[in-house]
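Undergrad: Residue numbers (the working numbering), protein chains in the order written: chain A, 627 to 819; chain B, 627 to 819.
We treat Cβ as the ideally placed atom computed from N, Cα and C, and that holds for glycine.
2 protein chains.
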Amino acid sequence: MQELEERIARDGTVKPGNVLKVDAFLNHQCDVALFDHMGAAWAEHFAGKRVDKILTIEASGIGIACMAARHFGNVPVVFAKKAQSINLDGDQYATTVYSFTKQKEFPVIVSKKYLNAGDHVLLIDDFLANGKAMQGLIELCRKAGAVIEGIGIAVEKGFQDGGKLLRDEGYDVDSLAIVDAMDPETGSITFRR
Amino acid sequence: MQELEERIARDGTVKPGNVLKVDAFLNHQCDVALFDHMGAAWAEHFAGKRVDKILTIEASGIGIACMAARHFGNVPVVFAKKAQSINLDGDQYATTVYSFTKQKEFPVIVSKKYLNAGDHVLLIDDFLANGKAMQGLIELCRKAGAVIEGIGIAVEKGFQDGGKLLRDEGYDVDSLAIVDAMDPETGSITFRR
Chain A
627 MQELEERIAR DGTVKPGNVL KVDAFLNHQC DVALFDHMGA AWAEHFAGKR
677 VDKILTIEAS GIGIACMAAR HFGNVPVVFA KKAQSINLDG DQYATTVYSF
727 TKQKEFPVIV SKKYLNAGDH VLLIDDFLAN GKAMQGLIEL CRKAGAVIEG
777 IGIAVEKGFQ DGGKLLRDEG YDVDSLAIVD AMDPETGSIT FRR
Chain B
627 MQELEERIAR DGTVKPGNVL KVDAFLNHQC DVALFDHMGA AWAEHFAGKR
677 VDKILTIEAS GIGIACMAAR HFGNVPVVFA KKAQSINLDG DQYATTVYSF
727 TKQKEFPVIV SKKYLNAGDH VLLIDDFLAN GKAMQGLIEL CRKAGAVIEG
777 IGIAVEKGFQ DGGKLLRDEG YDVDSLAIVD AMDPETGSIT FRR
């Protein structure tokens, strides 16, 4: 998606340790007009698929998932939680994933009320690197018996293996920008063509 | 806001300990059409005010803030973070608040890049009870020198003192539903008229 690539090139910054900071428009400050265009791009890619629900994970996925839902007939957005809370009672689907960003394991939890057998689900997240968070969402869907129609990603780090693993498993992964290389010395970012 | 009150009456559940669960449509599963109408209601209430930016706090505030931003000319949404991350580097405004829901203290952090002196800010959150999270956002704005134009809340627990304290301090608080009483025995919910 050209608009997103241009925005990453302009406002993204490359940090040592394979960190791509896009907090100016994606995951701290949010450009909702861009989010709207991203939702339209996913709707075009996944046109013809049945999408009953969008599943994402807190926190950065929520804004893009909500904006995207408008392009899928205002389907419900469910966001998996990363911590227990007294607001999360009753039966849950839960798994555990490791976050390289936070450098710790965290739970991924969704209430059984909001993910059901036979739901046709679109998974959305802001980043795909090693794919641990996405594998957590897939595990929740597997436990629920929900059907995964596709995976929409804003920024994929193509030099890490999360995207390849998901595509090898047969998932339709639509990453709006795939970064194949980046250089913290020069700040240069190379997108997959 | 009649639509929100009706939805709370229909799909909300009252639990012992003054817990009002609205996870069916507000803070776990998200009804984006409802969020859109909530944004329109805030835009009507705050019409004529200058709003350069919406500030909210992860995670439940993000979806409603992003949907609301469309009604304020697609202004940027900034969400304060509740934990340190390697994605949060550089200068930050930070404070600490106590969460009764999570039963612990947590940091509230925003990058100095995304909250600036002279910004006219609308604060948005899903819930207002004792007001600790909102006081945290206000503290970040005070540190930044940002101007708070108003506070948009989805559900205010009117029997807790957060709303009163904010209004006594002079803030224009627009709560779309104010629950004055609720009964876990009968499930009844009384809204402020």
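Rounded to a whole number of angstroms, what is the C-alpha to C-alpha distance between A:Lys790 and A:Asp798?
TA: 11 Å
Undergrad: So which residues on chain B does A:Glu684 lean against when the C-beta distance must stay under 9 Å?
TA: Glu684, Ala685, Ser686, Ile688
Undergrad: DSSP three-state label for A:His654, please.
TA: coil
Undergrad: Going by DSSP, what residues sit across from B:Glu782 in a beta bridge?
TA: When DSSP reads this structure, B:Glu782 sits in a beta bridge with B:Leu754, B:Ile804.
Undergrad: When you compare only the Cα positions, how much space is there between B:Ser686 and A:Ile688?
TA: In a straight line, the C-alpha of B:Ser686 is about 8 Å away from that of A:Ile688.
Undergrad: On the criterion of 16 or more Cβ atoms from any shown chain inside 10 Å, does A:Asp722 qualify as buried, or is it exposed?
TA: According to the sequence shown, residue 722 of chain A is Thr rather than Asp. Looking at its Cβ environment, which holds fewer than 16 other Cβ atoms inside 10 Å, A:Thr722 is exposed.
Undergrad: For my contact list, A:Cys767 and A:Leu681 are in at a C-beta cut-off of 8 Å; report their separation, rounded to the angstrom.
TA: 7 Å
Undergrad: When the Cα atoms are used, what is the spatial distance from B:Val645 to A:Gly744?
TA: Their Cα atoms are separated by approximately 31 Å.
Undergrad: Does the Cβ of A:Arg696 have 16 or more other Cβ atoms within 10 Å, making it buried, or fewer, making it exposed?
TA: A:Arg696 is buried by the Cβ-count criterion.
Undergrad: In terms of residue numbering, what span does the alpha helix (DSSP H) encompassing B:Glu632 cover?
TA: 628 to 637
Undergrad: Can you give me the Cβ contacts of A:Ala635 inside the same chain, cut-off strictly under 7 Å, excluding the 5 residues immediately before and after it?
TA: Ile815
Undergrad: Whose Cβ in chain A lies nearer than 7 Å to the Cβ of B:Ala659?
TA: Asn700
Undergrad: Mind listing the chain B neighbours of A:Met693? Cutoff is C-beta to C-beta under 7 Å, in chain order.
TA: Cys692
Undergrad: Based on the DSSP output, what are the partners of B:Tyr719 in its beta bridges?
TA: Beta-bridge pairing by DSSP links B:Tyr719 to B:Val736.
Undergrad: Tell whether a beta-carbon distance below 8 Å holds between A:Val736 and A:Gln718.
TA: yes
Undergrad: Are three or more beta carbon pairs between the stretch 771 to 781 of chain A and the stretch 748 to 760 of chain A nearer than 8 Å?
TA: Touching, per the Cβ criterion.
Undergrad: At a Cβ threshold of 8 Å, is B:Ala705 touching chain A?
TA: In the sequence under discussion, the amino acid at residue 705 of chain B is Phe, which differs from the Ala named in the question. It does: the Cβ of B:Phe705 has a partner Cβ on chain A nearer than 8 Å.
Undergrad: Beta-carbon separation of B:Tyr724 and B:Lys769 under 8 Å?
TA: no
Undergrad: What number of angstroms, rounded off, separates the C-alpha of B:Thr639 from the C-alpha of A:Lys641?
TA: 46 Å
Undergrad: Report the CB separation of B:Val747 from B:Glu775 in whole angstroms; it is logged as a contact under 8 Å.
TA: 6 Å
Undergrad: Would you say A:Tyr740 reaches chain B, if we count a Cβ-Cβ gap shorter than 8 Å as a contact?
TA: yes
Undergrad: Which chain B residues are close to A:Arg696, counting only those with a beta carbon under 8 Å from its beta carbon?
TA: Val658, Asp662
Undergrad: Closest Cβ-Cβ distance between B:His671 and chain A: below 8 Å?
TA: no
Undergrad: Spell out whether any CB of chain B is found under 8 Å from the CB atom of A:His746.
TA: no
Undergrad: From A:Glu631, A:Gly643, A:Met627, pick the residue whose C-alpha is nearest to that of A:Gln786; which is it?
TA: A:Gly643
Undergrad: Taking the beta strand (DSSP E) that A:Ala691 belongs to, which residues open and close that run?
TA: Annotation for A:Ala691: no beta strand (DSSP E) segment contains it, though the alpha helix (DSSP H) segment containing it runs 686 to 695.
Undergrad: What does B:Gln786 touch in chain A if you count any residue whose Cβ is under 7 Å from its own?
TA: Neighbours of B:Gln786 on chain A: none; closest Cβ ~15 Å, over 7 Å.
Undergrad: If you drop the 5 nearest sequence neighbours on each side, which residues of the same chain put their C-beta closer than 6 Å to that of A:Ala691?
TA: Ile680, Thr682, Val703, Ile750
Undergrad: Is B:Leu741 helix, strand or coil when you go by DSSP?
TA: The answer is coil: DSSP assigns B:Leu741 none of H, G, I, E or B.
Undergrad: Chain A partners of B:Gln718, CB-CB under 8 Å?
TA: Correct list: empty, because the minimum Cβ distance to chain A is about 10 Å.
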